[in-house]
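Enquirer:
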Ligand SMILES: [Zn+2]
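In this note's numbering, the protein residues as written are -12 to 232.
1. For residue 230, which three-state DSSP category applies?
2. How about residue 147 and residue 135: are their beta carbons less than 9 Å apart?
3. Determine the contact status of residue 175 and residue 167, defining contact as a CB-CB distance below 9 Å.
4. Pick from 102, 158, 12, 171: whose alpha carbon is nearest that of residue 183?
5. Once DSSP output is grouped into helix, strand and coil, what is the label at residue 134?
6. Report the rounded CA-to-CA distance for residue 42 versus residue 181, giving the unit in angstroms.
7. Any chance you could list the residues with Cβ under 5 Å from a heavy atom of ligand 1, keeping chain order?
8. According to the neighbour-count rule (16 or more other Cβ atoms, all chains shown, within 10 Å of its Cβ), is residue -7 buried or exposed?
9. Can you name, in chain order, every residue of its own chain whose Cβ lies under 6 Å from the Cβ of residue 85, other than the five neighbours on each side?
10. Give every residue of the same chain whose Cβ lies closer than 6 Å to the Cβ of residue 98, excluding the five residues on either side of it in the sequence, and list them in chain order.
11. Just to confirm before moving on: does the CB-CB distance between residue 114 and residue 34 stay below 9 Å?
12. Who are residue 48's beta bridge partners in DSSP?
13. Got a sec, what are the start and stop residues for the alpha helix (DSSP H) residue 8 sits in?
14. Can you check which of these residues, 5, 31, 1, is closest to residue 15 by C-alpha distance?
15. Can you have a look at residue 20 and say buried or exposed, based on whether 16 or more other CB atoms are within 10 angstroms of its CB?
16. Let me confirm a value: residue 51 is counted as buried when at least 16 other C-beta atoms fall within 10 Å, else exposed. Which label applies?
17. Using 8 Å as the Cβ pair cut-off and three pairs as the minimum, do the segment -2 to 8 and the segment 75 to 89 touch?
18. Taking the straight line between their C-alpha atoms, what separation do you get for residue 140 and residue 126?
19. Going by C-alpha distance, which of 26, 143, 13, 53 is nearest residue 105?
20. For residue 116 and residue 143, what's the separation of their Cα atoms in angstroms?
21. My output table needs one value for residue -5: the three-state DSSP class, helix, strand or coil.
22. Between residue 57 and residue 5, which are expected to be in contact by the criterion C-beta below 8 Å, what is the C-beta distance as a whole number of angstroms?
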């Protein structure tokens, strides 16, 4: 895997971009071209970063360490390197991103209503889609995490993951069926990606896939570097497994 490229720091949190994110921005720029392409790219870029800061700043406020905000093909992830203290804290952290996106969608809408400028309508639409997409009840999306955290209040983390993965698969299949019915190749691709991401979560919740000693599990340590290369979400899961073991 390619390393993440650090391009800045905000509120003391490093901002990193994966090559897949840059490729996605490049594709938008190529498809749309010119000034409007640059505008859409900047707007999407800013919206994703603000969404992730919703997660990151809430996490930090609740005493959870955030090592970086990383941007990739499907948006971004706030890399948490310690555990939320409770399921409720996890719900708050997961919900904070979509809350920011909904707020931006509302602000964009009000500005559009006041000025009639198409750019604000786009800001509103992009953030509304981002909020709704992230609230899909599939792992490792925000909606799936909220669902799992709520379940984990009444059962083990592994069992909660198991049920959440089943729901994720139902949602993936629904996307796949719609994709086939309307011949939308993007939906088929999305169905496949959602299915594989959820399956990876299932494996992770069952066992510590690394077996490394705890001393290697610190921010920037070998376990985190490897985990981040495979899937940023593994870092959080790894901590869960260690706590439970
Ligand atoms: Zn999010």
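Think of the CB as a built atom: it goes at the ideal place given N, C-alpha and C, for glycine as much as any other residue.
Expert: From the atom records:
1. Residue placement at residue 230 is poorly supported in this model, since its pLDDT is 42, which falls under 50; the coordinates are not used for a value here.
2. yes
3. Yes, the pair counts as a contact, with Cβ atoms nearer than the cut-off.
4. Checking every option, the nearest Cα to that of residue 183 belongs to 158.
5. helix
6. 21 Å
7. 84, 121, 129
8. exposed
9. Within the same chain, residue 85 has close Cβ partners 118, 121, 122, 129.
10. 107
11. yes
12. DSSP output for residue 48 lists no bridge partner at all.
13. 6 to 19
14. 31
15. Burial is judged here by how many other beta carbons sit within 10 angstroms of a residue's own beta carbon; residue 20 has fewer than 16 and is exposed.
16. Classified as buried, residue 51 has 16 or more neighbouring CB atoms from the shown chains inside 10 Å of its CB.
17. no
18. 17 Å
19. Comparing alpha carbon positions, the residue from 26, 143, 13, 53 closest to residue 105 is 26.
20. 32 Å
21. strand
22. 6 Å
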